[in-house]
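Protein chains in written order, with this note's numbering: chain E, 1 to 115; chain Y, 116 to 230. From the three backbone atoms N, C-alpha and C, an ideal C-beta is built for every residue, glycine too.
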């Protein structure tokens with residue numbers, strides 16, 4: 001069963017627009033972790049942000065912010081004032097005890113930011 | 116600086132051959148993971164290890180094996196390569212303490228083609 005769903009396959013925005021990437025997860029564990037990774041066209045996977053089940057906080061880090069809501073099992077990620085360099089595939093991932101704390105990835109959302 | 120490396124970065128092999136992909140990290144992390152990335156599937160877990168002499172199967176482990184003889188390395192072996200194993204392979208590592216987990220950091224990936 002899919003544990004992480006990223007319903008948005010592709011998103012296209014114009015530079016300087018804000019964009020929110022959606023992530024819905026499924027787990028029966030009470031302790032779990034959620035991550036967002038970025039995969040630019042060069043192919044590497046870059047860690048962006050992390051959330052913890054025991055610390056449901058919505059935070060901001062530079063142009064990145066996230067909205068973690070356990071009530072709706074969502075871990076949405078927002079980029080403020082998008083830039084062309086933000087063009088990439090973004091993956092949401094869940095880590096819980098069922099998989100030995102390995103990562104269960106969503107299928108990714110491809111973000112294109114145009115000038 | 117500490118890092119995680121993979122070699123080779125690109126590999127072309129023939130069906131039936133044994134192939135070994137190397138992963139080396141200098142963070143002294145306890146945990147190491149292998150994932151494969153395929154279009155339409157995102158990243159899927161192949162094997163993982165919590166420490167020396169420890170290995171565990173992931174979601175798509177058939178046809179793959181790993182061994183952990185030291186902290187720094189987790190080589191991935193394809194016993195008899197098949198065309199279905201054409202993919203991009205990522206290695207990752209993280210700390211682990213009790214039931215918590217630290218962020219996984221990824222190597223640059225190996226693109227494997229099986230003809």
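Counting only residues of its own chain and dropping the five nearest sequence neighbours on each side, residue 197 (chain Y) has a CB closer than 7 Å to the CB of 130, 178 and 229. Put simply, the stretch 43-57 of chain E touches the stretch 68-82 of chain E. At least three CB pairs are less than 8 Å apart. Taking 9 Å as the threshold, the shortest C-beta distance from residue 64 (chain E) to chain Y does not fall below it. Going by beta carbons, residue 171 (chain Y) and residue 210 (chain Y) fall outside the 9 Å limit.
In the structure shown, residue 85 (chain E) falls within a helical segment according to DSSP collapsed to helix, strand and coil.
In summary, the residues of the stretch 153-169 of chain Y whose CB is separated from some CB of chain E by less than 8 Å are 155, 156, 157, 158, 159, 160, 163 and 165, in the order they occur in the chain. The stretch 80-92 of chain E makes no contact with the stretch 179-198 of chain Y, as fewer than three CB pairs between them are under 8 Å. Only buried fits residue 207 (chain Y), as 16 or more other CB atoms lie within 10 angstroms of its CB.
Out of E:113, E:46, E:109 and E:98, the CA that lies nearest to the CA of residue 3 (chain E) is found in E:98. Beta-bridge annotation (DSSP): residue 149 (chain Y) is paired with Y:162 and Y:206.
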